[in-house]
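Student: To convert, note that position 158 of the sequence shown is 1636 in our numbering; the numbers rise steadily by one, no gaps.
From the three backbone atoms N, C-alpha and C, an ideal C-beta is built for every residue, glycine too.
Since we're looking at a predicted model, the values are computed, not measured.
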Amino acid sequence: MVASRLPHPTAPDVKESPVPSPLTGGCLCGAVRYRCDGEPQSVGLCQCDRCQRQSGSSFLIAVVFDRDAVSIEGELQPYTARIDGERELTRHFCPRCGSAVMVTLDRYPGIRSMMGGTLDDKSAIRPTFSLWCSSGQGWLELPAGIERFPDYPDGLIA
Ligand SMILES: [Zn+2]
Ligand SMILES: [Zn+2]
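1. Leaving out the 5 sequence neighbours to the left and right, which residues in its chain are closer than 8 Å to ASP1629 when beta-carbon positions are compared?
2. Could you have a look at ALA1540 and say whether DSSP puts it in helix, strand or coil?
3. Kindly list the residues whose CB is nearer than 8 Å to the CB of PRO1490, restricted to its own chain and excluding five residues on each side of it in sequence; keep chain order.
4. Looking at CYS1572 and CYS1526, is the spacing between their C-beta atoms short of 8 Å?
5. According to DSSP, GLU1646 sits in a beta bridge with which residue or residues?
6. Classify ARG1585 as helix, strand or coil using the three-state DSSP reduction.
7. So what's GLY1594 in DSSP terms, helix, strand or just coil?
8. Could you check whether GLY1522 and THR1606 sit closer than 8 Å to each other, using their CB atoms as the reference points?
9. Could you say if the segment 1536-1544 and the segment 1589-1599 meet the contact criterion of at least three C-beta pairs nearer than 8 Å?
10. Might you give, ordered along the chain, the residues of its own chain that have their beta carbon closer than 7 Å to the beta carbon of VAL1590, omitting 5 neighbours on each side?
11. May I ask you to report which of helix, strand or coil DSSP gives ARG1513?
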């Protein structure tokens, strides 16, 4: 008997279909819910050591929206750190269940970076690039179609 298999994760029709709007999501316990209107500006991964630590995983998925396109219900706890001694990056998490929900950056005050793992419909997004591949875990091989950067170049927002 042949075990049933999940469909291949890179189904060809996903990229062509528009991102459904609004996108909704929330934390693990449900105390925090959000919705994002319109199309994301970008969808990217970050493999830096800080994102690995906060996510407890191998990368973070950043789904970037205009600040005004995102509405949030519930309380988020901020944790702010300085990157390279200057830029501030704030990670917003649910104080009850600890889920990473959002990142904001003083460098790009007009955006909110929503964590892709908290989306209700994760088939709606397709990352197109990854930052900090130089810090990535050795076993991780990203699929073709995801542009790889060793660090965080100017001009990209994640
Ligand atoms: Zn929660
Ligand atoms: Zn990172």
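Tutor: Based on what the coordinates show:
1. LEU1609, TRP1610, SER1612
2. strand
3. Note that PRO1490 has pLDDT 47, beneath the 50 cutoff, so the model's placement of it is unreliable and the number below is only indicative. Around PRO1490: no qualifying Cβ.
4. no
5. The structure shown does not extend to residue 1646, since the chain is modelled only from 1479 to 1636, so the question has no answer here.
6. coil
7. helix
8. yes
9. yes
10. Checking the displayed sequence, the identity of residue 1590 turns out to be Arg instead of Val. Answer for ARG1590: PHE1543, ARG1545, VAL1548, MET1580, THR1582, listed in chain order.
11. strand
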